[in-house]
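Colleague: Right, I'll just put the structure down here and ask away after.
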């Protein structure tokens, strides 16, 4: 099914607003079907029935121009890992057992997971800073689905979810930010503290703590019960521009005060990517992060930002193996990754 | 006077025997003039007189086809530093005060220091493993000088020198070895222990201890009194080939057992040299060392070994400033060095 999707997808195209710093805007809604137990207590036959009927209903709900549905039991572990790397399904859904599926819009802007933690997890993922467009899109999808699926809803609590932390709106808004200058100048901790005060959470690209791979940080809401969807959205949409400004100011200061030092950092990273013969995915992310900033600041002009974004994705373990058409062990991957990056950069020169 | 010398000189040409591992063979003889006090006790007018008359006698002794003589007080500190970087004069002679000089054969194979620690320090410096050619050359020079200068000589002790550690033959033979594989595999300590047992000494490129800059090590005799010149020469000339063999075996093992790992190391070093915007001379030496091994092992074929050798010399602080025609502070040098290396490598591609 992976080959039915766009090779890179919309969110990594780097075309959205503020995309020098904001990689993507993501909204997800947790929904459950009335009359069925939550997945923690569901019986196998009910689970199968849900997977099948929800798959069918999503398919005809008209939520996107084109939609690909896959029962994940009929996909390979490698395909599922690719979907995780594209942020289209969760790690939990990839590794779970039992009947479960995902419906995907080919550019990856919409994915609807079936039988993840909740019966339905609707996700909209858009390039750059697009809270309103993402919200508009996911609201429409949610309304269309509700026409065909009766949601578990309490007038008092709102949408009912398997885990109480999602009850109410069932909504999580998150923005993926690229903050290399704040990391470089050790000011990222300030963002952590400030964000916590407005009840937002910060995590790394793949959920790590303070040192995020590739200097990518996800800012998301922690509270789902109480504020309305619009209020949750506004909290993030109003706060993130302050972080963007902070990162931009630090980049400008770095350029003004130590342009050569910054160029050195950026170009050394480029040199490593060009020349290494063995490279881990973590190291690749770190160097690509520096290069990404370099391209966005005009310090490197020989490659387009789209190529950098593409490398972020295609050098991840599952995509690398997908490109090779076979499984590779870690040393093989490190060698293969180095070769792939080297050729790609050489082809752009 | 620097511009009267060959730009690189013979010893860095990389053309001598075993020059993948042996950079150079050096012999120096310490000599003093009979009837004059050693320099520790000499009076200023005697010192001046010595400098003048020795300069004149060396000039007419017929010790080389062409010879350039300089009174070092008439050179700039930068010129003297360049001579140190070429290993043509000692650091002590460069920074000393008082009348002192040096006679140089333009390719740097012969240098005769006047009023260093001894009245005369004759040095022959040849590319690669050339103990016999170097010995032949320096013996001839020594004989020619002795025709015009009466040496301080004791039938019992041999040549008399300012410091007792040089008495007897006044001879030090040293070979500069490039041992990156032994350093990489942490086997260099074995060389240290083995060499000490045969009364040879090991030092770094510029006299450092166990971690030598650029993985260059000088092996030299410690004893000057007792054994004859020929015996001293043979001790080194017989021992060094064992170290050469050791280094070659380790390189071969590295290639056979982990070729990609070795290529990775070598090419990353190359990438850093190609792309850095700021680079210290120490870092440059380290990367050039890896690249030198890579070229000698055929892992890198886009640059000749002569270009690598040239970079070793021309990226040193004094040569860099000489190239620029002006003094540069450390940050300027680091930037300038990176630019020079980058352009040089790009010109070879």
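Protein chains in written order, with the numbering used here: chain A, 1 to 349; chain B, 350 to 698.
Every residue gets a Cβ at the ideal spot worked out from N, C-alpha and C, and that includes glycine.
1. For residue 171/A, which residues does DSSP report across the bridge?
2. Given this structure, state the Cα-to-Cα distance separating residue 214/A from residue 371/B, to the nearest angstrom.
3. What are the start and end residues of the alpha helix (DSSP H) that includes residue 221/A?
4. Do residue 584/B and residue 547/B have their CB atoms nearer than 9 Å?
5. Answer yes or no: does any C-beta atom of chain B fall closer than 9 Å to that of residue 270/A?
6. Run the CB neighbour count on residue 700/B, radius 10 Å, all protein chains shown included, and call it buried at 16 or more, exposed below.
7. Have a look at residue 519/B and residue 472/B and give me their C-alpha separation to the nearest angstrom.
8. Just to confirm, are residue 600/B and residue 530/B a CB contact at a threshold of 9 Å?
9. Out of 390/B, 456/B, 648/B, 687/B, which has the shortest C-alpha to C-alpha gap to residue 621/B?
10. Using a Cβ cut-off of 7 Å, pull out every chain B residue sitting near residue 260/A, in sequence order please.
11. DSSP three-state label for residue 162/A, please.
12. With a threshold of 16 other CB atoms inside 10 Å of the CB of residue 249/A, please say whether the residue is buried or exposed.
13. Any beta carbon of chain A sitting closer than 9 Å to that of residue 606/B?
14. Just reading off the beta strand (DSSP E) that residue 671/B is part of, what are its end residues?
15. If I measure Cβ to Cβ from residue 334/A and keep anything under 8 Å in the same chain, skipping five residues before and after, which residues do I get?
16. Within the continuous beta strand (DSSP E) that includes residue 505/B, where are the two ends?
17. Cα separation between residue 243/A and residue 604/B?
18. Within 10 Å of its beta-carbon, does residue 130/A have 16 or more other beta-carbons around it, so buried, or fewer, so exposed?
19. I need the DSSP call for residue 212/A, collapsed to helix, strand or coil.
20. Could one say the Cβ of residue 631/B lies closer than 9 Å to chain A's Cβ atoms, at least one of them?
21. Have a look at the DSSP bridge pairing and note the partners of residue 239/A.
22. Would you call the CB atoms of residue 152/A and residue 41/A closer than 9 Å?
23. Under a CB-based cut-off of 9 Å, is residue 616/B close to chain A?
24. Kindly list, in the order they appear in chain B, the residues whose Cβ is closer than 7 Å to that of residue 329/A.
25. Between the segment 438-469 of chain B and chain A, which residues of the former have a C-beta closer than 8 Å to a C-beta of the latter?
26. By alpha-carbon positions, which one of 134/A, 77/A, 64/A ends up nearest to residue 1/A?
27. Beta-carbon within less than 7 Å of residue 631/B's beta-carbon, same chain only, minus the 5 sequence neighbours each way: which residues are those?
28. Taking Cβ positions only, does residue 338/A come closer than 9 Å to chain B?
29. Measuring CA to CA, which of 367/B, 469/B, 375/B is closest to residue 406/B?
30. Just to confirm, is the Cβ distance from residue 318/A to residue 82/A under 9 Å?
31. Quick check on residue 279/A: does DSSP put it in helix, strand or coil?
32. Going by beta-carbon coordinates alone, are residue 72/A and residue 96/A separated by less than 9 Å?
33. Counting Cβ pairs closer than 8 Å, one from the segment 304-313 of chain A and one from the segment 180-196 of chain A, do we hit at least three?
34. Pull up the distance between the alpha-carbon of residue 494/B and that of residue 412/B, whole angstroms please.
35. Under the rule that 16 or more other beta-carbon atoms within 10 Å means buried, what is residue 611/B, buried or exposed?
Modeller: In short, the structure shows the following:
1. Residue mapping note: residue 171/A aligns to position 171 of the first chain, counting from 1. Answer is 29/A.
2. Sequence index remark: in the first chain, residue 214/A carries index 214 (1-based). Sequence index remark: in the second chain, residue 371/B carries index 22 (1-based). Distance between the alpha carbons of residue 214/A and residue 371/B: 43 Å.
3. Within the first chain, numbered from 1, the residue matching residue 221/A stands at position 221. Premise fails: residue 221/A lies in the beta strand (DSSP E), 216-221, not in any alpha helix (DSSP H).
4. To locate residue 584/B, count along the second chain from 1; it is residue 235. To locate residue 547/B, count along the second chain from 1; it is residue 198. Cβ atoms of residue 584/B and residue 547/B: closer than 9 Å.
5. For this step, residue 270/A is matched to residue 270 along the first chain. With 9 Å as the cut-off, residue 270/A counts as an interface residue toward chain B.
6. Since the first residue shown for chain B is 350 and the last is 698, residue 700/B is missing from the structure and cannot be characterised.
7. Within the second chain, numbered from 1, the residue matching residue 519/B stands at position 170. Within the second chain, numbered from 1, the residue matching residue 472/B stands at position 123. Spanning the two alpha carbons is a distance of roughly 11 Å.
8. Reading the second chain from its first residue, position 251 is the one you call residue 600/B. Reading the second chain from its first residue, position 181 is the one you call residue 530/B. For residue 600/B and residue 530/B, yes; Cβs fall inside 9 Å.
9. Here the question's residue 621/B lines up with position 272 in the second chain. Taking only the C-alpha atoms, the option nearest residue 621/B is 687/B.
10. Position 260 of the first chain, counted from the first residue, corresponds to residue 260/A. Residues of chain B passing the Cβ test: 626, 627, 684.
11. In the first chain, the residue the question calls residue 162/A occupies position 162. The answer is coil: DSSP assigns residue 162/A none of H, G, I, E or B.
12. What you label residue 249/A is simply residue 249 of the first chain in a count that begins at 1. Looking at its Cβ environment, which holds fewer than 16 other Cβ atoms inside 10 Å, residue 249/A is exposed.
13. In the second chain, residue 606/B corresponds to position 257, counting from 1. So, not an interface residue.
14. Sequence index remark: in the second chain, residue 671/B carries index 322 (1-based). No beta strand (DSSP E) holds residue 671/B; the alpha helix (DSSP H) holding it covers 666-673.
15. Locating residue 334/A in the first chain gives position 334, counting from the first residue. 278, 279, 280, listed in sequence order.
16. Taking the second chain and counting its residues from 1, the one referred to as residue 505/B is at position 156. Unbroken run through residue 505/B: none, as it is neither H nor E.
17. The count along the first chain starts at 1 and reaches residue 243/A at position 243. The count along the second chain starts at 1 and reaches residue 604/B at position 255. Their backbone Cα atoms lie some 49 Å apart in a straight line.
18. In the first chain, counting from the first residue as 1, residue 130/A sits at position 130. Classification for residue 130/A: buried.
19. Here residue 212/A refers to the residue found at position 212 of the first chain. Correct three-state label for residue 212/A: coil.
20. Locating residue 631/B in the second chain gives position 282, where the first residue counts as 1. No, no contact with chain A.
21. Sequence index remark: in the first chain, residue 239/A carries index 239 (1-based). Per DSSP, none; premise fails for residue 239/A.
22. Residue 152/A sits at position 152 when you count from the first residue of the first chain. Residue 41/A sits at position 41 when you count from the first residue of the first chain. Contact: no.
23. Residue 616/B sits at position 267 when you count from the first residue of the second chain. True, the Cβ-Cβ gap to chain A drops below 9 Å.
24. Numbered from 1 along the first chain, position 329 holds the residue referred to as residue 329/A. Per Cβ cutoff of 7 Å: no residues; residue 329/A is ~14 Å from chain B at best.
25. none
26. Stepping through the first chain from its first residue, residue 1/A is reached at position 1. Of 134/A, 77/A, 64/A, the residue nearest in Cα terms is 77/A.
27. As a working mapping, residue 631/B is identified with position 282 in the second chain. For residue 631/B, where only same-chain residues beyond five positions count, the Cβ hits under 7 Å are 562.
28. Locating residue 338/A in the first chain gives position 338, counting from the first residue. Answer yes: the Cβ-Cβ gap between residue 338/A and chain B drops below 9 Å somewhere.
29. As a position in the second chain, residue 406/B is number 57, starting the count at 1. For the residues 367/B, 469/B, 375/B, the minimum Cα distance to residue 406/B belongs to 469/B.
30. The residue you call residue 318/A lines up with position 318 of the first chain. The residue you call residue 82/A lines up with position 82 of the first chain. For residue 318/A and residue 82/A, yes; Cβs fall inside 9 Å.
31. Indexing the first chain from 1 puts residue 279/A at position 279. In the structure shown, residue 279/A sits in coil (DSSP, three-state: anything other than H, G, I, E or B).
32. Reading the first chain from its first residue, position 72 is the one you call residue 72/A. Reading the first chain from its first residue, position 96 is the one you call residue 96/A. Yes, they are a contact pair.
33. no
34. Looking up residue 494/B in the second chain gives position 145. Looking up residue 412/B in the second chain gives position 63. Rounded to whole angstroms, residue 494/B to residue 412/B spans 8 Å at the Cα level.
35. What you label residue 611/B is simply residue 262 of the second chain in a count that begins at 1. Burial call: buried.
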